[in-house]
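Its first residue numbered 1, the sequence shown is counted upward by one per residue in the working numbering.
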Amino acid sequence: MKMKAVVAHELNRFSVEEVTLDPPKAGEVLVKMKATGICHSDLSVINGTIPVPFPMVLGHEGAGIVEALGPGVTNVKPGDHVTLSFVPNCGDCYHCLRSEPYLCLRSTPDGKMMDGTTRVHMDGKDINVMQFLGNMAEYAVVPAMCLVKIDADIDLKAAALVGCGVTTGVGAALKTAQVKPGSTVAVFGAGGVGLSIIQGARIAGAARIFAVDLSDEKLALAKELGATDTINGANDPLKRIMELTGGIGVDYGFEAIGIPAVVDQAQKATRRGGTMTVVGVGKLSQKLEFNALMFPLMAKTIKGSMYGSAEFRVDFPKYLELYKQGKLDLDRMVTHIYSIDEAVQAFADLEAGKNARGVIVYD
Ligand code: CU
Ligand code: ZN
């Protein structure tokens, strides 16, 4: 079939194109997309921070409705509402067997389907897809193991966010760091992921949550979503956090941007014996540094968090239930809705720091 898709052609060149989509093969599903979140990682593909083989259909955060099944698919049926996961869950690899599907060894950045071929074509050429999904498009053919059936009464924009940013952030707080009730938390970066960490810390019962960002607009939203204190990053946030914690620092520090200097701040804002979690993705060429004398003496735990340590088949429905109960606010995180034809503008807005989350809706 013919459909519109957002295609990254080469470094820093992308556009909305008409492409051809093949029917699903064995173990694959055709999904009619209803909502696609525009994530910083899509931008990182465009600008080369995350190296990928071009050309590639963007998109790895979305929700839609199952349209057709390839042979052998049993976990979903046509008409099911689904959220897409950008990591598979093969069930058989070292990590899947240990309840760590976010590290599934079937994950690959090669842009191909599980069988090494592609379903998207343009002008007779194969087009890769981002993370098995490539769902910044009207339709997507994806591995069935990347789909989670969700309740049909859930807003599909909210369901889309759970596919990447929300699970990454809420999971970093609840699952990777395991924030405890009554604790103190500092979150550096209040974009889609940072705001989700803040909400996760609030759900965990943190007593104080410090939000740090350069945008006062994002800090205002952070306060609405659970931050108890907001600090503009231009005003020596480390000094401010130390003042506000009596010189001790916070129990849990989080970095949600991917800038080494900010990871350093988050690490220093974390108390002795505390836990600092790196969620933001930096560049391959960059390094994080820790003082060799102080590292053991400070007895801190430094963690990397991938996809919020998600067991997504359990966690997507769990986070969406928290949303239904009013405990996880996903509506206010959607700050702008675009059509697919407005995708170029949507990325310009993302780069300008205008959105907590921009979402493309279809029809
Ligand atoms: Cu993402
Ligand atoms: Zn696996």
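Using N, Cα and C, we set each Cβ at its ideal position, and we do this for glycine too.
Which residue wins for smallest C-alpha separation from residue i, given the options the options?
| i | options | result |
| --- | --- | --- |
| Leu-58 | Ala-352, Gly-353, Ala-356, Ala-346 | Ala-346 |
| Ala-227 | Met-294, Val-187, Ala-35, Asp-42 | Val-187 |
| Gly-70 | Leu-43, Pro-23, Ser-15, Gly-353 | Pro-23 |
| Lys-318 | Lys-223, Val-166, Ile-337 | Val-166 |
| Ala-158 | Gly-79, Leu-350, Asp-363, Gly-326 | Gly-326 |
| Val-162 | Thr-230, Ser-44, Thr-83 | Thr-83 |
| Val-45 | His-60, Ala-35, Met-276, Cys-90 | His-60 |
| Ala-348 | Lys-25, Ile-38, Ile-248 | Ile-38 |
| Thr-20 | Thr-176, Gly-124, Tyr-94 | Gly-124 |
| Ser-85 | Leu-293, Ala-207, Met-306 | Met-306 |
| Thr-275 | Glu-224, Gly-253, Arg-240, Leu-11 | Gly-253 |
Indicate the three-state DSSP secondary structure (helix, strand or coil) for residue i in the structure shown.
| i | result |
| --- | --- |
| Tyr-102 | helix |
| Ser-15 | strand |
| Ala-406 | In this structure the chain extends from 1 to 363, so residue 406 is not present and cannot be described. |
| Ala-190 | coil |
| Ala-356 | coil |
| Lys-149 | strand |
| Val-87 | coil |
| Glu-217 | helix |
Cα separation between residue i and residue j?
| i | j | result |
| --- | --- | --- |
| Gly-194 | Ala-256 | 5 Å |
| Arg-271 | Leu-238 | 12 Å |
| Asn-128 | Ala-140 | 12 Å |
| Met-1 | Ala-137 | 12 Å |
| Ala-8 | Ile-360 | 17 Å |
| Pro-109 | Gln-131 | 6 Å |
| Arg-313 | Asp-341 | 32 Å |
| Phe-290 | Val-250 | 18 Å |
| Arg-106 | Leu-244 | 45 Å |
| Gly-200 | Pro-181 | 11 Å |
| Met-113 | Thr-184 | 43 Å |
Looking at the ligand NAP, does it come within less than 7 Å of residue i, judged from the CB to the closest heavy atom?
| i | result |
| --- | --- |
| Pro-109 | By its list of ligands, the structure shown excludes the ligand NAP, since it contains just the ligand CU and the ligand ZN. |
| task | Can you check the segment 263-344 for any beta strand (DSSP E) of at least 3 residues that lies completely inside it and give the ranges in chain order? | result | With a minimum length of 3 residues, the unbroken runs of beta strand (DSSP E) contained wholly in the segment 263-344 fall at 270-278, 301-304, 334-338.
| Which full runs of the beta strand (DSSP E) of 3+ residues lie inside the segment 18-73, going along the chain? | Those beta strand (DSSP E) runs which fall completely within the segment 18-73 and span 3+ residues are 28-38, 62-69.
| query | Mind listing, in chain order, the residues whose beta carbon lies closer than 6 Å to a non-hydrogen atom of the ligand CU? | reply | Every residue whose Cβ sits closer than 6 Å to any heavy atom of the ligand CU is listed here in chain order: Cys-39, Ser-41, His-60, Glu-61, Cys-164, Gly-165.
| In chain order, which alpha helix (DSSP H) runs of at least 4 residues are fully inside the segment 220-259? | Taking only runs of at least 4 residues, the alpha helix (DSSP H) segments lying wholly in the segment 220-259 are 237-244.
| Can you list every residue whose CB sits closer than 7 Å to some heavy atom of the ligand ZN, going in chain order? | Those residues, listed in chain order, are Pro-88, Asn-89, Cys-90, Gly-91, Asp-92, Cys-93, His-95, Cys-96, Pro-101, Cys-104, Leu-105, Arg-106.
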